[in-house]
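Visitor: Just so it is clear: in the sequence shown, position 321 is 321 by this note's numbering, and no numbers are missing. Sharing a structure below in structure tokens format, with a few things to ask.
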Amino acid sequence: TDTPLRDIPQSIQVIPQQVIEDQQATSLTEVLENAAGVAVVNDNNFGEGSSFALRGFTNPAILRDGFIVPSRVPLLSNPEVANLERVEVVRGPASVLYGRSDPGGVINVVSKQPLAEPFYDLQLQAGNRGFVNPSIDLSGPLTEDGSVRYRLNALYRREESFRDFNTDSERFFIAPTLAWDISDRTDLTIGLEYINDNQHYDFGLPPVDDSVPNVPFERVVNDPDDFFRNEFLSASYTLAHRFSDDWQLRNQFLYTNTNLYSENVFAVFADATGDIFRAPAVIDNETDSYSFNTNVQGRFDTGPVEHQLLFGIDLLRVEADEASRFGDPLGGNIFDPDSLDIEFPDAETIPRSDSLDSAVNQLGIYVQDQINLLDNLILVAGLRYDTSSSEVLQTDDVFNQIITETDQNNEAFTPRIGLVYQPIEPISLYANYSRSFAPNLFSTDVEGNPLSPEEGEGFEVGIRGEIIETRLSAALAYFDITKQNVATADPSSPPGLFASIATGEQRSRGVDLNLTGEILPGWNIVASYAYIDGEITEDNTIPVGNRLPGVPRHSASLWTTYEIQSGDLQGLGWGLGFNYVGEREANFDNSFQVDGYFLTNAAVFYRRDNWQVQLNVDNLFDIDYVESVLPIQSESIYPGAPTTVRASVSYTF
1 TDTPLRDIPQ SIQVIPQQVI EDQQATSLTE VLENAAGVAV VNDNNFGEGS SFALRGFTNP
61 AILRDGFIVP SRVPLLSNPE VANLERVEVV RGPASVLYGR SDPGGVINVV SKQPLAEPFY
121 DLQLQAGNRG FVNPSIDLSG PLTEDGSVRY RLNALYRREE SFRDFNTDSE RFFIAPTLAW
181 DISDRTDLTI GLEYINDNQH YDFGLPPVDD SVPNVPFERV VNDPDDFFRN EFLSASYTLA
241 HRFSDDWQLR NQFLYTNTNL YSENVFAVFA DATGDIFRAP AVIDNETDSY SFNTNVQGRF
301 DTGPVEHQLL FGIDLLRVEA DEASRFGDPL GGNIFDPDSL DIEFPDAETI PRSDSLDSAV
361 NQLGIYVQDQ INLLDNLILV AGLRYDTSSS EVLQTDDVFN QIITETDQNN EAFTPRIGLV
421 YQPIEPISLY ANYSRSFAPN LFSTDVEGNP LSPEEGEGFE VGIRGEIIET RLSAALAYFD
481 ITKQNVATAD PSSPPGLFAS IATGEQRSRG VDLNLTGEIL PGWNIVASYA YIDGEITEDN
541 TIPVGNRLPG VPRHSASLWT TYEIQSGDLQ GLGWGLGFNY VGEREANFDN SFQVDGYFLT
601 NAAVFYRRDN WQVQLNVDNL FDIDYVESVL PIQSESIYPG APTTVRASVS YTF
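Structure (structure tokens):
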């Protein structure tokens, strides 16, 4: 709904396009460093995009323009940042409006839309480690009356890894969008997007004797020639019709197709001496998803009480065809680089080990009413019904036999209620309670049995206010969230099986604070802080009280820029920021921790007429640090990037 943030009983942080451009961000991970309570779990995720933790819980749903798609669809969590208008971090359970989602919240990326006025932007970025990134952003009307408009974004990006891979990262991206005002009450927007990724395949570093190994962070334990290719295609439309000034219908559809192919050395780290179990692997996956959403929203009064009603239905179908092959085991030791050198066998000689065919169907029906009880008191209440079914067939292609065949059906009602009180116009006090529901659609135990759905509930109280009217705002929230039946990798699962276990119940409590806006003309700031106490509260195998892995208790960020507004130096500006991430547990057993880190980032830019030149330096002091840990099968440790330099020149007309 078209509702101001001050009237929503929930913590929401918006990272605008200007911040993305000022930081020269090229990934969603870099953008989300500005958001309170977001932690990186894996910035590669084995070719399937980035994964995060939000308010302590891993794998929050990544929405594309409001569409929610299961995490099995790669690249939806690694969108092209150059095509983003903004990123919205919606904290807390959001199942009522978006369907299956994590109780920590959802992350919505909003695409750029066609403009009514001609706009042309040509940009070239370059930097260290062979980074080059030419791009175009074109938009404007196609008809004299402006009823038909277009936008075209395209780029090519290439960059070497700071780790010792022989393969470079490459991306080709193009996204045409067309908007048509069919009448003064009916609008249609059609969009296409194509991404072709070629990247290295990184398994990180293994822990040795419950600690980060004392080896160069550049060292690669799988084959330096490992790679994955990922092709992503999406097609969407949004049709909106306004019956009157108060009532409208919106109909949306999104189709995605993803093809992922990789040749890599699958690495499992199991020896405290540094000996590594490895095996050559070939993975070939194709996924199709179909998302459909229709809703009606309108305003009406019941006596002196104003209502804004939203009623909708959404459908989702996902079809996945996955095949993997694993070759004979290989040795190697992390402390002996020569032992890590291998010759990857011909992919055709590796026997096919198993294949997985799956289909998922989901239906959701939701209703929400925003009720203005008084001029300064708003009640938001909603209810959603979800039903889902999945069919998974896993076969052993070596022996031509079925390994597992599972059918799963789930349904649930999830409520949401919230209250907003505004004692004075710039201040909003709010509280909410909501539940979440997420079927473990693709997760099975070692016996092939499906896991029970994840369920969550949470409450939140907060205050949101304008420090400087219409320019500078702040928000502070306290939350308490629990989540049951959490699917995690089974550490006892044989390599390649990827079986899961449910960890009982997890709880996350804490506070998050964010500050966004303009302090003075030309002086902008985005700042955030989060304290998260995430722990296991019930489990059969993991000790109760253990902290959730990969989630720091304390994290903070700051980014501020100033641009001279007048005089001979008008258009000259600079930026300064930092990112702080505290100590994190590396696994559910809490057997060891990785240190926190503090990074400093800086920028200088000059804007004059239609030109802009800019220089950004991230990790200014070249700090060695661990960006993330991934507790899957055995812990994987992912080093962060050293000093990164990016320069750009752009011309806009």
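Beta carbons: idealized from backbone N, C-alpha and C, even for Gly. Since we're looking at a predicted model, the values are computed, not measured.
(1) How close, in whole Å, do the beta carbons of P216 and P206 come, if the pair is a contact with beta carbons under 8 Å?
(2) P462 and Y430 look like a contact to me (Cβ under 8 Å); what is the Cβ gap, rounded to whole Å?
(3) May I ask whether a heavy atom of the ligand MG can be found less than 7 Å away from the beta carbon of E466?
(4) Could you tell me the alpha carbon to alpha carbon distance between V544 and D336, rounded to whole angstroms?
(5) Considering only residues of the stretch 202-275, which uninterrupted beta strand (DSSP E) runs meet the minimum length of 3 residues and lie entirely inside it, listed in chain order?
(6) A527: which of A240, R6, E21, A35 sits nearest, CA to CA?
(7) Is DSSP giving L682 helix, strand or coil here?
(8) Pull up the CB-CB distance for S436 and S51, whole angstroms please, since I reckon it's below 8 Å.
(9) Just to confirm, are S434 and P60 a CB contact at a threshold of 8 Å?
(10) Quick one, which of G303, N524, L515, I334 has its alpha-carbon nearest V675's?
(11) Counting only the same chain and skipping the five closest in sequence on each side, list residues whose C-beta sits under 6 Å from that of I190.
(12) In or out: A116 buried (at least 16 other Cβ within 10 Å) or exposed?
(13) I'd like the span of the beta strand (DSSP E) that includes L615, first residue to last.
(14) What would DSSP say about L188, mapped onto helix, strand or coil?
(15) Could you tell me if P521 is buried or exposed, where buried requires 16 or more neighbouring beta carbons within 10 angstroms of its beta carbon?
(16) Need the endpoints of the alpha helix (DSSP H) that E460 sits in, please.
(17) Could you check whether D369 and H307 sit closer than 8 Å to each other, using their CB atoms as the reference points?
(18) Kindly indicate which three-state DSSP category L124 falls into: helix, strand or coil?
(19) In whole angstroms, what separates the C-alpha of F344 from that of L393?
(20) What three-state label does DSSP hand V96 in the structure shown?
(21) In whole angstroms, what is the alpha-carbon distance linking I15 and D22?
(22) Would you tell me roughly how many angstroms separate the C-alpha atoms of A154 and Q113, rounded to the nearest one?
(23) Does Y201 pass the burial test, meaning 16 or more other C-beta atoms within 10 Å, or should it be called exposed?
(24) Name, in chain order, the residues that DSSP records as bridge partners for T177.
(25) Using the C-alpha atoms, what's the distance from D328 back to E85?
(26) How about V594 and V645: do their beta carbons lie closer than 8 Å?
(27) If I532 and R507 are in contact, beta carbons under 8 Å, what's the gap, nearest whole angstrom?
(28) In chain order, what residues of the same chain have a beta carbon less than 7 Å from the beta carbon of D181, not counting five sequence neighbours either side?
(29) Would you tell me roughly how many angstroms separate the C-alpha atoms of P324 and D357, rounded to the nearest one?
(30) How close, in whole Å, do the beta carbons of G418 and Q18 come, if the pair is a contact with beta carbons under 8 Å?
(31) Looking only at C-alpha atoms, which of A586, R250, V40 sits nearest to T1?
(32) Exposed or buried, which one is I655 when buried takes at least 16 other CB atoms within 10 Å?
(33) Are at least three pairs of beta-carbons, each pair with one atom in the stretch 579-594 and one in the stretch 605-612, less than 8 Å apart?
(34) How big is the Cα-Cα spacing for N293 and I481?
(35) According to DSSP, is Q593 part of a helix, a strand, or is it coil?
(36) For V486, which of helix, strand or coil comes out of DSSP?
Guide: Taking the geometry as given:
(1) The residue labelled residue 216 in the question sits at position 216 within the sequence shown. The residue labelled residue 206 in the question sits at position 206 within the sequence shown. Not a contact, Cβ separation roughly 14 Å.
(2) As a position in the sequence shown, residue 462 is number 462, starting the count at 1. As a position in the sequence shown, residue 430 is number 430, starting the count at 1. Checking the sequence shown, residue 462 turns out to be Gly, not Pro. Confirmed, about 6 Å.
(3) This structure does not include the ligand MG; it has no bound ligands of any sort.
(4) Taking the first residue of the sequence shown as position 1, residue 544 is located at position 544. Taking the first residue of the sequence shown as position 1, residue 336 is located at position 336. Answer to the nearest angstrom: the Cα atoms are 38 Å apart.
(5) Runs of the beta strand (DSSP E) inside the stretch 202-275: 227-242, 247-269.
(6) Indexing the sequence shown from 1 puts residue 527 at position 527. When each option's Cα is compared against that of A527, the closest is A35.
(7) The structure shown has nothing for residue 682, since the chain only spans 1 to 653.
(8) Reading the sequence shown from its first residue, position 436 is the one you call residue 436. Reading the sequence shown from its first residue, position 51 is the one you call residue 51. The Cβ separation is near 18 Å, so there is no contact.
(9) Residue numbering aside, residue 434 sits at position 434 when the sequence shown is read from its first letter. Residue numbering aside, residue 60 sits at position 60 when the sequence shown is read from its first letter. No, these two residues do not count as a Cβ contact at 8 Å.
(10) Residue 675 lies beyond the residue range present for the chain, which begins at 1 and ends at 653; the question has no answer from this structure.
(11) Against the sequence shown, residue 190 aligns to sequence position 190. For I190, where only same-chain residues beyond five positions count, the Cβ hits under 6 Å are L178, Y237.
(12) Here residue 116 is taken as the residue at index 116 of the sequence shown, counted from 1. It counts as exposed.
(13) As a first step, residue 615 is located in the sequence shown; it is residue number 615 there, counting from the start. 611-618 is the span of the beta strand (DSSP E), which, as asked, contains L615.
(14) Here residue 188 is taken as the residue at index 188 of the sequence shown, counted from 1. DSSP places L188 in strand when its eight states are reduced to three.
(15) The residue given as residue 521 occupies position 521 in the sequence shown. So P521 ends up on the exposed side.
(16) Residue 460 sits at position 460 when you count from the first residue of the sequence shown. For E460, no alpha helix (DSSP H) run applies; the uninterrupted beta strand (DSSP E) run containing it begins and ends at 454-468, by DSSP.
(17) Within the sequence shown, the letter at position 307 stands for residue 307. Within the sequence shown, the letter at position 369 stands for residue 369. At a Cβ-Cβ threshold of 8 Å, H307 and D369 count as neighbours.
(18) For the purposes of this step, residue 124 is taken as the residue at position 124 of the sequence shown. Strand at L124.
(19) Translated into positions along the sequence shown, residue 344 becomes position 344. Translated into positions along the sequence shown, residue 393 becomes position 393. Those two C-alpha atoms are separated by around 30 Å.
(20) On the sequence shown, residue 96 is found 96 positions in, with the first residue counted as 1. In this structure, DSSP gives V96 a helical state, which the three-state scheme calls helix.
(21) Looking up residue 15 in the sequence shown gives position 15. Looking up residue 22 in the sequence shown gives position 22. Going from the Cα of I15 to the Cα of D22 covers about 12 Å.
(22) Counting from one through the sequence shown, the residue named residue 154 turns up at place 154. Counting from one through the sequence shown, the residue named residue 113 turns up at place 113. Cα-Cα distance, rounded: 14 Å.
(23) Here residue 201 is taken as the residue at index 201 of the sequence shown, counted from 1. The residue is buried, with at least 16 neighbouring Cβ atoms inside 10 Å.
(24) Mapped onto the sequence shown, residue 177 falls at position 177. DSSP output for T177 lists R151, G191 as bridge partner(s).
(25) Translated into the one-based positions of the sequence shown, residue 85 becomes position 85. Translated into the one-based positions of the sequence shown, residue 328 becomes position 328. Approximately 47 Å between the Cα atoms of the pair.
(26) Residue numbering aside, residue 594 sits at position 594 when the sequence shown is read from its first letter. Residue numbering aside, residue 645 sits at position 645 when the sequence shown is read from its first letter. No, they are not a contact pair.
(27) For the purposes of this step, residue 532 is identified with residue 532 of the sequence shown, where counting begins at 1. For the purposes of this step, residue 507 is identified with residue 507 of the sequence shown, where counting begins at 1. In this structure I532 does not touch R507 by the C-beta definition: roughly 11 Å separates them, more than the 8 Å allowed.
(28) Taking the first residue of the sequence shown as position 1, residue 181 is located at position 181. S147, D187, listed in sequence order.
(29) Reading the sequence shown from its first residue, position 324 is the one you call residue 324. Reading the sequence shown from its first residue, position 357 is the one you call residue 357. Residue identity differs from the one stated: residue 324 is Ser in this sequence, not Pro. Distance from the CA atom of S324 to the CA atom of D357, rounded to whole angstroms, is 12 Å.
(30) Locating residue 418 in the sequence shown gives position 418, where the first residue counts as 1. Locating residue 18 in the sequence shown gives position 18, where the first residue counts as 1. 30 Å between Cβ atoms; not a contact.
(31) Translated into the one-based positions of the sequence shown, residue 1 becomes position 1. Answer by Cα proximity: R250.
(32) This structure cannot settle anything about residue 655, because the visible part of the chain is limited to 1 through 653.
(33) Segments in contact, no.
(34) The residue you call residue 293 lines up with position 293 of the sequence shown. The residue you call residue 481 lines up with position 481 of the sequence shown. So the two alpha carbons sit approximately 28 Å from each other.
(35) For the purposes of this step, residue 593 is taken as residue 593 along the sequence shown, with counting starting at 1. It is a strand residue.
(36) Along the sequence shown, read from residue 1 onward, the residue named residue 486 stands at position 486. Coil, per DSSP.
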